[in-house]
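**Student:** Protein chains in written order, with our numbering: chain A, 1 to 112; chain B, 1001 to 1112. Where a beta carbon is used, it is the ideal one built from N, C-alpha and C, also for glycine.
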Amino acid sequence: DAGVIQSPRHEVTEMGQEVTLRCKPISGHDYLFWYRQTMMRGLELLIYFNNNVPIDDSGMPEDRFSAKMPNASFSTLKIQPSEPRDSAVYFCASSPANSPLHFGNGTRLTVT
Amino acid sequence: AQSVTQPDIHITVSEGASLELRCNYSYGATPYLFWYVQSPGQGLQLLLKYFSGDTLVQGIKGFEAEFKRSQSSFNLRKPSVHWSDAAEYFCAVRGGTYKYIFGTGTRLKVLA
Chain A
1 DAGVIQSPRH EVTEMGQEVT LRCKPISGHD YLFWYRQTMM RGLELLIYFN NNVPIDDSGM
61 PEDRFSAKMP NASFSTLKIQ PSEPRDSAVY FCASSPANSP LHFGNGTRLT VT
Chain B
1001 AQSVTQPDIH ITVSEGASLE LRCNYSYGAT PYLFWYVQSP GQGLQLLLKY FSGDTLVQGI
1061 KGFEAEFKRS QSSFNLRKPS VHWSDAAEYF CAVRGGTYKY IFGTGTRLKV LA
């Protein structure tokens, strides 16, 4: 089992550019979560999916953020346009029903 | 709404000493509770979980936690800390939905 795979590990971009973060969940996991981690705000839940359907996106900061899960093995988190305050580590996690989350190693995003 | 409080931002202990990390949660019913550990540059790794049953749960790396409903607490303990335990520790709660909420974390430093 390869675990949750996130790409890229690091992303540096300029303000105003579009950023796409990618996640491959563990096979067979029904749930997929996107979190953002910063020193100031800790781990924030942005959105989660069940069977590829978004269930709760109340944590998405604003319309610049969007997430999709076109199939059971792939999800993206897109920021357009990016801003310096979006700089953070973004984690993807997956789980089967009634089981704990399994986290990827994160994408460190720096927006200059 | 569910929430988690970790009152200690930083804790320093000597190697070989005992450890207790505090976690208080807010949720109207019996929650699912978790402790995760994060090493620098890594994702979060599950230490232990409480779903139901015995209120004292054992985890990996010699950690244990006790669920106390009357105190809304789920404190993490270890009898003897090793230098490799230095990391950040997160308590998390999950309610009836699959929304996992994390505390702000406790950073553990271990003195040789």
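#1: Over what stretch of residues does the beta strand (DSSP E) that includes A/D56 continue unbroken?
#2: Going along the chain, which residues of the region 1087–1112 of chain B sit with their C-beta nearer than 9 Å to a C-beta in chain A?
#3: Once DSSP output is grouped into helix, strand and coil, what is the label at A/Q6?
#4: Would you say B/G1059 lies against chain A (beta-carbon separation less than 8 Å)?
#5: Can you find a C-beta in chain A that's less than 8 Å from the C-beta of B/F1067?
#6: Whole-angstrom Cβ separation of B/K1078 and B/L1033, contact assumed at under 8 Å?
#7: Can you check which of these residues, B/A1087, B/T1030, B/Q1058 and B/D1054, is closest to B/R1094 by C-alpha distance?
#8: So what does DSSP say about B/R1094, is it helix, strand or coil?
#9: Shortest alpha-carbon distance to A/V4 belongs to which of A/L109, A/L101 and A/V111?
#10: Would you give the residue range spanned by the beta strand (DSSP E) that B/E1066 belongs to?
#11: Pull the bridge partners of A/S94 from the DSSP assignment, please.
#12: Among B/S1084, B/A1092, B/A1112 and B/L1044, which one has its Cα closest to the Cα of B/F1074?
#13: Hey, is the region 93–107 of chain A in contact with the region 8–16 of chain A, meaning 3+ C-beta pairs nearer than 8 Å?
#14: Look at the alpha carbon of B/V1057 and the alpha carbon of A/S73, and state the distance between them as a whole number of angstroms.
#15: Which residues in the same chain have their Cβ closer than 7 Å to the Cβ of A/F91, if we skip the five residues on either side of it in sequence?
**Tutor:** Judging by the given coordinates:
#1: Per DSSP, A/D56 is one residue of the beta strand (DSSP E) stretching across V53 to D56.
#2: Taking 9 Å as the upper bound on Cβ-Cβ separation, chain A lies near residues F1090, A1092, R1094, T1097, Y1098, K1099, Y1100, I1101, F1102, G1103, T1104 and G1105 of the region 1087–1112 of chain B.
#3: Secondary structure of A/Q6 (DSSP, three-state): strand.
#4: No, its Cβ sits nowhere closer than 8 Å to a Cβ of chain A.
#5: Closer than 8 Å to the CB of B/F1067 there is not a single CB belonging to chain A.
#6: That belief does not hold up - the Cβ atoms of B/K1078 and B/L1033 are roughly 17 Å apart, past 8 Å.
#7: Considering only alpha carbons, the answer is B/T1030.
#8: Note: B/R1094 maps to strand in three-state DSSP.
#9: Minimum Cα distance to A/V4 is reached at A/L101.
#10: First-last of the beta strand (DSSP E) with B/E1066: E1064 to K1068.
#11: A/L32 and A/H102.
#12: Nearest C-alpha to B/F1074: B/A1092.
#13: Verdict: yes, contact present.
#14: Taking the straight line from one Cα to the other gives about 32 Å.
#15: Y35, Q37, F103, G104 and G106.
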